[in-house]
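A.B. asks: Next up is a structure, given as structure tokens.
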Amino acid sequence: VEKVDQLLNNTQMMQQFSINSIEYAQQFNEINVSTKWQNILN
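In my numbering, the protein residues as written are 8 to 49.
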């Protein structure tokens, strides 16, 4: 709970968290996921 409060009360930290989340999510785009599945299935 303390960490969530810290995040919500710190604008800079929240912005960085948001940027990191977007970058992380990009790993799971359609091309990357389909390539990984093809590697698993072959």
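Positions of the beta carbon are idealized from the N, C-alpha and C atoms, including for glycine.
When you compare the CB positions of phenylalanine 24 and leucine 14, do they come within less than 8 Å of one another, or not?
C.D. replies: Looking up residue 24 in the sequence shown gives position 17. Looking up residue 14 in the sequence shown gives position 7. Contact: yes.
A.B. asks: Tell me which same chain residues have a C-beta within less than 8 Å of the C-beta of glutamine 34, skipping the five on either side of it?
C.D. replies: Walking along the sequence shown from the start, residue 34 turns up at place 27. Around glutamine 34: no qualifying Cβ.
A.B. asks: For the alpha helix (DSSP H) containing asparagine 46, list its first residue and its last residue.
C.D. replies: Along the sequence shown, one-based indexing puts residue 46 at 39. Its alpha helix (DSSP H) spans residues 37–48.
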